[in-house]
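Protein sequences, first through last, are from chains S and H. Counting in the numbering used here, the first sequence runs from 51 upward without gaps. Counting in the numbering used here, the second sequence runs from 51 upward without gaps. All C-beta atoms, glycine included, are put in the ideal place defined by N, C-alpha and C. Being a predicted model, the structure only gives us computed values, none of them experimental.
2 protein chains.
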Amino acid sequence: MRKSNETLASLIQVSYCLFAEHGIAKTTYTMIAKRVGIAKPSIYYYFDSKDALITGVFDELCKAIEFPAFFELEQFIEDNFVENLIAVGVKMIDEQDKDPYFKRVLQEYMLLATRDQDFSKRLLALQKDYLSGFEALLEKASMLGLLKNKDNLVAKAHMLALILDNIGNFMMFDEQIDYKQIWIEAVHSLFTKEETDENETTNYRI
Amino acid sequence: MRKSNETLASLIQVSYCLFAEHGIAKTTYTMIAKRVGIAKPSIYYYFDSKDALITGVFDELCKAIEFPAFFELEQFIEDNFVENLIAVGVKMIDEQDKDPYFKRVLQEYMLLATRDQDFSKRLLALQKDYLSGFEALLEKASMLGLLKNKDNLVAKAHMLALILDNIGNFMMFDEQIDYKQIWIEAVHSLFTKEETDENETTNYRI
DNA sequence: GTCTATATGGGGATAGAC
DNA sequence: GTCTATCCCCATATAGAC
């Protein structure tokens, strides 16, 4: 007999994967129980209902997201600002490449959120953090005099956030696009280009 | 007795709405039949199975999208290029505001597409058209000498496309953001700013 | 905490009359 | 084309033993 915690963790992990593979609505207790390796009714020991399970998986997802300050404002200084910002984006793109489940499951919950106040509120809160992160970043860049233009910082920050976010969505089902280059263009479009070698600005390298 | 065409149209229309309201997987023949005002088995006269219905709705959706040249390249000339491009985006934003169902249903199918080759192919084709539209546009802008920088036109075009697309997604569940301003910033970030009155560039008006 | 057995409801789908 | 009646299956969920 395994410890309850293990089963619970496995239950959530397995559900998460199945949600990505089949969608939340089409994932059944039968599938979950089978893959976890327990009997179907055992799930009810941990979750009173399927809705509870769906919420439970969402809770874990939120914890995992909560950009644990996915970028540190302090480490952005005048010298490395643009490179750093590009690196952050490239890193996020690479991570999404590794975990294609994440965006899918998140999209599932986004759709649920359009019909459920609770999910909606919590996703909005996450989104707000995400957006403010970029706002703070651009504010700092502005104060350092790194931006081409100081107007409408908020809109510019949101622009960057929207791009990075949607790169993840597009990656879900289109492999052909040069996402890193898009991100680089987006960043360069806002920042004063420090004069470097032509080749370096046109072709990125990691 | 109504004509078959009417019933079919109603069937698709109602399904489309229910798909948006409840999600595809949770929309049942019972719901559809009730709202259309026919008996449940009557649906089978038009669609052999629920999968067939789902595909049928998708067919209609695709027809509706196929950006019937959602912007005309010819009408973009040197004098009005930026304004026109902004207007196109603002128009799309306004339209999404009017039909909040559209993006939701599309997202539903996007998720289906991650698990179904057929949907995937067809959505990719649509996406490609959408992206090439922006590519052609920026190419023209570049030849007219309207861009700040002629490098990586494709990436820049994709950047614009990603932004406009994700504005639609965000609008699904966040009303608070100034989407039009984001779009304006995105466009301005690529184009050489013609010198106009300060106020006009910082605050848009329709 | 996990099991077997079982209840219940509603989903997609068919048969066949009109 | 649309209906009524009906079938089957499987999903969520419960009861109660171990």
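What does DSSP give as the partner residues of residue i in its beta bridges?
i      : result
S:L203 : In DSSP, S:L203 forms no bridge with anything.
S:F241 : S:L197
For residue i and residue j, which I take to be in contact (beta-carbon distance under 8 Å), what is that distance rounded to the nearest angstrom?
i      : j      : result
S:V155 : S:A70  : 5 Å
S:L240 : S:K198 : 6 Å
H:L103 : H:S65  : 6 Å
H:Q125 : H:N134 : 7 Å
S:V107 : S:I136 : Not quite, the Cβ-Cβ distance comes to about 33 Å (not below 8 Å), so this is no contact.
H:S60  : H:V86  : 5 Å
S:T105 : S:K90  : Actually they are not in contact, since the Cβ atoms of S:T105 and S:K90 sit about 19 Å apart, beyond 8 Å.
H:E128 : H:L194 : 5 Å
S:R172 : S:C112 : 6 Å
S:A211 : S:F184 : 5 Å
H:L58  : H:I115 : That pair is no contact at about 20 Å.
H:L174 : S:D224 : 6 Å
Are the C-beta atoms of residue i and some chain H residue less than 8 Å apart?
i      : result
S:Q177 : yes
S:K206 : yes
S:S182 : no
S:K148 : no
S:I88  : no
S:L174 : yes
S:S99  : no
S:S170 : yes
Answer with buried or exposed for residue i, where buried requires no fewer than 16 other C-beta atoms within 10 angstroms of its C-beta.
i      : result
S:N202 : buried
S:L161 : buried
S:K153 : buried
H:E158 : buried
S:K141 : exposed
So which residues of chain S does residue i contact, with C-beta pairs closer than 7 Å?
i      : result
H:N134 : Correct list: empty, because the minimum Cβ distance to chain S is about 19 Å.
H:K190 : Chain S residues near H:K190: none, gap ~18 Å exceeds 7 Å.
Can you list the residues of chain S that residue i reaches, using a CB-CB cut of under 9 Å?
i      : result
H:L161 : G73, R154, Q157, E158, L161, M222
Step through the CB atoms of chain S and report whether any lies within less than 8 Å of the CB of residue i.
i      : result
H:Q63  : no
H:T242 : no
H:T164 : yes
H:L187 : no
H:K200 : no
In chain H, what lies closer than 9 Å to residue i by C-beta?
i      : result
S:S197 : Strictly speaking, residue 197 of chain S in this sequence is Leu, with Ser absent from that position. What S:L197 touches in chain H: nothing, since even the nearest Cβ is about 10 Å away.
S:K35  : Shown here, chain S extends from 51 to 256; a query on residue 35 of chain S therefore has no answer.
What does residue i touch in chain H if you count any residue whose Cβ is under 8 Å from its own?
i      : result
S:M209 : I213, I232, E235, A236, S239
Under 7 Å between beta-carbons, which chain H residues line up against residue i? List them in chain order, please.
i      : result
S:D228 : A205
S:I217 : L212
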